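First comes the structure, then the notes that go with it.
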Amino acid sequence: MSRQLKVGACLTFVLAVIFYLFFQISKHQSALSQVNAFADDPYDSVGSIGVQLAMFTAILSLLRAFRPYKTEKDVGNQQVLLIRGGYITCLSVAVTLVADTVAMLRYPAVWIGFPAGQVLIALIGGLALLTALVGWLFFRSAQGIMVPSAQGGWIRAIILSCVGILIFALYPVSWRQIVVGELLTVFVGTVLFFVSVWAWGKVISPTLGTHFEDAIDDLAAVYDWFKAHTGHFALLLSMCEKLLGLSFLRPLLNWLNPRKHAWNAVLLIGLLIGAALALVELTSGDGGPPPLGRFVIVAIIFMGIEGIGVLLGYTLLGKFLGLFRHDPEGTRTHFHEAGTDTANA
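Residues 488 to 832 in this note's numbering are what the sequence shown spells out, letter by letter.
Next comes the structure, spelled out in structure tokens:
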């Protein structure tokens, strides 16, 4: 991978980390939280899913930038996927900041006249400038390698963005007062975020060829490198591969194989993330562990919201980012194959 793209991947990762810190500080720091007009849904749901997508695509771009490749020919389409991932990271931050700005303009009484409000505006402006700078530098680093797609879509992206801004500006606050309305509000924010990111990503990203290595290939390349450089620890990895090759585990692994049943794996990932977020949400306070009943209810809500969000994101961006290539014959994943080979040795 070229040095320019490696630098670009590092910059987008730094942007994703700063974006995460901005989201957490503006939401939980005592002074800023009092003047935060985008702390409620649908704006908060945009920020929550935006942080997750930005961090995911930034890490994926880093993985593709620094993973080993067998030949220079294999790098071609991986450069396209890396560039797309970097653009999606920048777009995730940009779309979130637009939603945040709409909220600040809609509720000026929340922050105008307060010193913390000026600080929050400065943070939003600073992050917007940083996003523009990183996006421009990443575009410059990719410009000499890949040309943007000529498929158009500018009018569609502009129209969808204007519709989204209008909905954010006029969304009925009263709908958040009941549980069903709150869930609908979260869903609306999630849909608007993903649709906007997808529309602009399709406009500015380069065209992808027919053959590419997916995220499983990226992880497998890193795994092989790690195994080859861990000395005696490689014996433990070989034992794990042997366990994965056991016959009673094969039906489960095949069912979760994202190249054969992508929706099963994606939904499971979404549910696990939702459960983890529910656990963090309920244990982050000072009140100690929550009652089991309350945790179950909150976990179900978080898992449902996150599961739907992850499915929607994969529907719009999964193929675009080259996450899993479809294998109609159900070929096992690299790790499953490694386990089978070890078991048969």
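Ideal Cβ positions, reconstructed from N, Cα and C, are used throughout, including at glycine. Given the structure is predicted, the values throughout are model-derived calculations rather than measurements.
Residue burial annotation: Ile792 is buried, with at least 16 other C-beta atoms found within 10 angstroms of its C-beta.
Three or more Cβ pairs drawn from the segment 586-606 and the segment 518-533 lie within less than 8 Å of each other, which places the two stretches in contact. By the criterion of at least three beta-carbon pairs nearer than 8 Å, the segment 642-656 is not in contact with the segment 695-709. Ala752: member of the alpha helix (DSSP H) spanning Ala749 to Thr770, first to last residue. About 6 Å separates the beta carbon of Gln565 from that of Glu700, a gap short enough to meet the 8 Å contact definition. Cβ contact annotation for Pro778 (same chain, cutoff 7 Å, sequence separation greater than five): none. Here Leu492 is near Ser628, since their CB atoms are less than 7 Å apart. Setting aside the 5 residues that flank it on each side, Val753 is surrounded in the same chain by Pro745, Val797, Leu798, Tyr801 and Gly805, each with a C-beta closer than 8 Å to its C-beta; the list follows chain order.
Taken atom to atom, the span from the alpha-carbon of Trp598 to that of Ile608 is near 9 Å. At a Cβ-Cβ threshold of 7 Å, Val580 and Thr544 do not count as neighbours.
In the structure shown, Glu700 adopts coil according to DSSP, grouped into three states. By the Cβ test, the segment 523-535 is in contact with the segment 667-674, since at least three Cβ pairs between them sit closer than 8 Å.
Counted as a single uninterrupted DSSP element, the alpha helix (DSSP H) harbouring Gln605 occupies residues Pro602 to Gln630. Residue state for Phe811 is assigned as coil, using DSSP reduced to three classes. For Met790, the secondary structure class from DSSP, reduced to helix, strand or coil, is helix. Under the three-state reduction of DSSP, Asn564 is assigned to helix. Under a 10 Å Cβ-count criterion, Gly613 is classified as exposed, with fewer than 16 other Cβ atoms of the shown protein chains found around its own Cβ.
Classified as exposed, Arg490 has fewer than 16 neighbouring CB atoms from the shown chains inside 10 Å of its CB. Between Gly572 and Leu808, the CB-CB gap stays under 7 Å.
The closest CA to that of Ile645, considering only Val501, Trp623 and Val684, is found on Val684. Within the same chain, Cβ atoms closer than 8 Å to the Cβ of Ala765 are found at Phe782, Val785, Ala786, Ile788, Phe789 and Met790, the five residues on either side in sequence being excluded.
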